[in-house]
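Undergrad: In terms of UniProt numbering, the sequence shown opens at residue 1 and continues consecutively. Heads up, the beta-carbon is just placed ideally off N, CA and C, and yes, glycines get one too. As the structure is a prediction and not an experimental result, all values here were calculated from the model. Following this message is one structure expressed as structure tokens.
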Amino acid sequence: MQKILVTGGAGFIGSHVVDALVEQGKSVLIADNLSTGKNAHVNPSENTYFFDVDITKRDRLEQIFRQHSDIDGVIHLAAQSKASPSLDAPEHDANINIHGTVNVLELTKAYEVKNFIYASSAAVYGDQQTLPIAEDVAVEPLSPYGVSKQAGEEYVKAYRRLYDIDARVLRFANVYGPRQSVDTEAGVITIFVEQLLNGEQPGIYGDGKQTRDFIYVTDVASAILHCLFEEPSEPEESSPVYNVGTGQETSVEELLRELCAVMDQRYRPLYMEKRPGDIEKSYLDNRKLRANYAWEPETSLADGLTATIAHAKRSDASYEKIDS
């Protein structure tokens with residue numbers, strides 16, 4: 001049985017990745033300090049092993065590698081995952097996203113783990129004039145968060161070149177779905193759903209014309225597993241970087257209208273001042289990932305929103321398997 005370490009495996013995206021790994025019959029080591037992850041999200045399979053570990057504490061993290069010398073791959077998802085906090089505390093953001101990533105890479109190298117997936121973000125691109133955004137454009141991050149994720153990418157690519165680690169960088173679009181928390185790494189969809197369920201007026205920063213590429217979380221988990229376990233159809237020596245998105249552009253206003261329609265609520269946004277560091281328009285060209293790994297996003301925005309809303313209405317703290 002293959003054994004995979006998932007950092008951030010009790011978090012929003014990480015818990016879905018763990019579910020997908022368990023479904024494929026893998027043994028999964030979960031490293032998470034529960035700063036944003038939750039015990040309730042941990043898959044209860046007998047093949048999952050949870051470790052309360054902070055990736056910035058290398059000695060503690062190394063205990064996992066020592067206890068499990070047969071790790072076949074690392075999926076590095078643990079991160080400070082929002083732009084706004086990085087503006088207020090860039091040193092905290094850098095400590096987790098840069099120093100923590102180096103710790104994970106150093107242990108991956110030291111214990112000769114050959115397969116590595118790094119979760120990056122569309123935030124590295126900044127505001128791009130040519131859409132959809134392809135992987136080969138010059139990155140221009142607008143926030144310390146985007147800068148720290150870019151720095152992590154460069155470390156991953158350097159370790160790939162230096163130490164023969166089969167590493168890939170995945171740049172996620174705006175991920176949404178069940179288990180995403182308003183209090184932590186929440187995206188705009190989770191925030192809108194919570195506001196509408198509570199009878200509050202949904203707030204839109206700026207004019208609402210800003211666009212994003214909204215991708216359902218199980219489609220992201222599927223992309224990660226494709227890249228970890230499959231051989232690419234084209235060589236990756238120069239650029240092991242992939243966009244993970246739907247390739248479709250949706251404005252924040254359009255999104256809120258769709259949510260209001262699904263939830264049978266009146267459309268009445270509260271417009272607020274634009275936030276610094278917010279990107280105006282962004283959606284990703286996913287053709288490279290689709291071509292090299294035969295991956296396709298399978299969940300439409302309407303179906304994904306319906307599943308997200310249904311989960312939010314239940315709001316049960318116990319583990320719940322999410323159908324992919």
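(1) Output yes or no for whether 7 angstroms exceeds the beta carbon distance between ALA167 and TYR145.
(2) The alpha helix (DSSP H) spanning MET272 covers which residue range?
(3) Give, in chain order, every unbroken run of the alpha helix (DSSP H) that is at least 4 residues long and sits entirely within the region 154-240.
(4) Could you tell me the distance, in whole angstroms, from the CA atom of GLN67 to the CA atom of PHE12?
(5) From GLY206 to ASN198, what distance separates their C-alpha atoms?
(6) Identify, in the order they occur along the chain, each residue of the same chain with its Cβ nearer than 8 angstroms to the Cβ of GLN201, setting aside the five sequence neighbours on each side.
(7) Can the beta-carbon of GLY152 be found less than 7 angstroms from the beta-carbon of TYR216?
(8) Counting along the chain, where does the beta strand (DSSP E) carrying THR48 start and finish?
(9) Provide the residue span of the alpha helix (DSSP H) that contains ILE13, from first to last.
(10) For LYS3 versus ILE71, is the C-beta distance shorter than 7 angstroms?
(11) Assess contact between the region 124-140 and the region 176-183, defined as three or more Cβ pairs (one per stretch) separated by less than 8 angstroms. Is contact present?
(12) Can you have a look at LEU162 and say buried or exposed, based on whether 16 or more other CB atoms are within 10 angstroms of its CB?
(13) Please report how far the alpha carbon of ILE64 lies from the alpha carbon of ALA261, in whole angstroms.
(14) In angstroms with no decimal places, state the Cα-to-Cα distance between VAL244 and TYR118.
(15) Compare the C-alpha of LEU301 against each of GLY247, ARG287 and ARG314 and name the closest.
(16) Measure the alpha-carbon distance for ASN97 versus GLN265 and round it to whole angstroms.
(17) Go through its chain and collect everything with a Cβ distance to MET263's Cβ below 7 angstroms, but skip five positions before and after it.
(18) Considering just the uninterrupted stretch of the beta strand (DSSP E) at ASP93, what are its terminal residues?
(19) For ILE224, which residues from the same chain have a beta carbon less than 7 angstroms from its beta carbon, with the 5 sequence-adjacent residues on both sides left out?
(20) Here's a check: name, in chain order, each residue in its chain whose Cβ is nearer than 6 angstroms to the Cβ of MET272, leaving out the five neighbours to either side.
(21) Find the nearest neighbour of TYR111 within the set ASP93, GLY100 and ILE165, judged by alpha-carbon distance.
(22) Sorted by chain position, which residues of the same chain lie with C-beta nearer than 8 angstroms to ARG257's C-beta, five sequence neighbours on each side aside?
(23) Please confirm whether GLN80 and ASP88 have their CB atoms less than 7 angstroms apart.
(24) Please state the DSSP three-state secondary structure of ALA134.
(25) Taking Cβ positions, are VAL175 and VAL220 nearer each other than 7 angstroms?
(26) What residue does the alpha helix (DSSP H) around residue 325 start on, and which one ends it?
(27) For ALA119, which beta-bridge partners are listed by DSSP?
TA: Taking the coordinates as given:
(1) For the purposes of this step, residue 167 is taken as the residue at position 167 of the sequence shown. For the purposes of this step, residue 145 is taken as the residue at position 145 of the sequence shown. In this structure, TYR145 does not lie closer than 7 angstroms to ALA167 by Cβ.
(2) If you number the sequence shown from 1, residue 272 lands on position 272. That residue, MET272, is in no alpha helix (DSSP H); its beta strand (DSSP E) goes 270-272.
(3) Correct list: 188-197 and 217-229.
(4) Residue numbering aside, residue 67 sits at position 67 when the sequence shown is read from its first letter. Residue numbering aside, residue 12 sits at position 12 when the sequence shown is read from its first letter. Taking the straight line from one Cα to the other gives about 26 angstroms.
(5) Position 206 of the sequence shown, counted from the first residue, corresponds to residue 206. Position 198 of the sequence shown, counted from the first residue, corresponds to residue 198. Between GLY206 and ASN198, the C-alpha separation is close to 23 angstroms.
(6) Locating residue 201 in the sequence shown gives position 201, where the first residue counts as 1. Within the same chain, GLN201 has close Cβ partners GLN195, ARG268, PRO269 and LEU270.
(7) On the sequence shown, residue 152 is found 152 positions in, with the first residue counted as 1. On the sequence shown, residue 216 is found 216 positions in, with the first residue counted as 1. Between GLY152 and TYR216, the C-beta gap is not smaller than 7 angstroms, which leaves the two residues out of contact.
(8) Start at 1 with the first residue of the sequence shown, and residue 48 comes out as number 48. From DSSP, the beta strand (DSSP E) with THR48 extends over 48-52.
(9) In the sequence shown, residue 13 corresponds to position 13, counting from 1. Start and end: 12-23.
(10) Within the sequence shown, the letter at position 3 stands for residue 3. Within the sequence shown, the letter at position 71 stands for residue 71. For the 7 angstroms CB-CB criterion, LYS3 and ILE71 form a contact.
(11) At 8 angstroms Cβ cutoff, the stretches do not touch.
(12) On the sequence shown, residue 162 is found 162 positions in, with the first residue counted as 1. LEU162 is exposed by the Cβ-count criterion.
(13) As a position in the sequence shown, residue 64 is number 64, starting the count at 1. As a position in the sequence shown, residue 261 is number 261, starting the count at 1. Taking the Cα positions, ILE64 is about 47 angstroms away from ALA261.
(14) As a first step, residue 244 must be located in the sequence shown, where it is residue number 244. As a first step, residue 118 must be located in the sequence shown, where it is residue number 118. If I take the Cα positions, the gap works out to 12 angstroms.
(15) Locating residue 301 in the sequence shown gives position 301, counting from the first residue. Distance from the Cα of LEU301 is smallest, within the candidate group GLY247, ARG287 and ARG314, for GLY247.
(16) Here residue 97 refers to the residue found at position 97 of the sequence shown. Here residue 265 refers to the residue found at position 265 of the sequence shown. ASN97 and GLN265 have their alpha carbons spaced roughly 39 angstroms apart.
(17) As a position in the sequence shown, residue 263 is number 263, starting the count at 1. Apart from sequence neighbours up to five positions away, the residues of its chain that approach MET263 with a beta-carbon distance below 7 angstroms are LEU196 and ILE309, ordered along the chain.
(18) Here residue 93 refers to the residue found at position 93 when the sequence shown is read from its first residue. That residue, ASP93, is in no beta strand (DSSP E); its alpha helix (DSSP H) goes 90-94.
(19) As a working note, residue 224 is residue 224 in the sequence shown. Closer than 7 angstroms at Cβ, skipping near neighbours: VAL17, ILE75, ILE117 and LEU170.
(20) Here residue 272 refers to the residue found at position 272 of the sequence shown. So the list reads GLY203 and TYR205, once near-sequence residues are dropped.
(21) For the purposes of this step, residue 111 is taken as the residue at position 111 of the sequence shown. Among ASP93, GLY100 and ILE165, the Cα nearest to that of TYR111 is on ILE165.
(22) Here residue 257 corresponds to residue number 257 of the sequence shown, with the count starting at 1. Cβ neighbours of ARG257 beyond the five flanking positions: TYR267.
(23) Taking the first residue of the sequence shown as 1, we reach residue 80 at position 80. Taking the first residue of the sequence shown as 1, we reach residue 88 at position 88. Result no, Cβ atoms of GLN80 and ASP88 do not sit closer than 7 angstroms.
(24) Taking the sequence shown and counting its residues from 1, the one referred to as residue 134 is at position 134. Secondary structure of ALA134 (DSSP, three-state): coil.
(25) Position 175 of the sequence shown, counted from the start, is the residue given in the question as residue 175. Position 220 of the sequence shown, counted from the start, is the residue given in the question as residue 220. Yes, the Cβ-Cβ distance between VAL175 and VAL220 is below 7 angstroms.
(26) Residue 325 lies beyond the stretch modelled for the chain, which goes from 1 to 324, so this question has no answer here.
(27) As a first step, residue 119 must be located in the sequence shown, where it is residue number 119. Its beta-bridge partners are LEU170.
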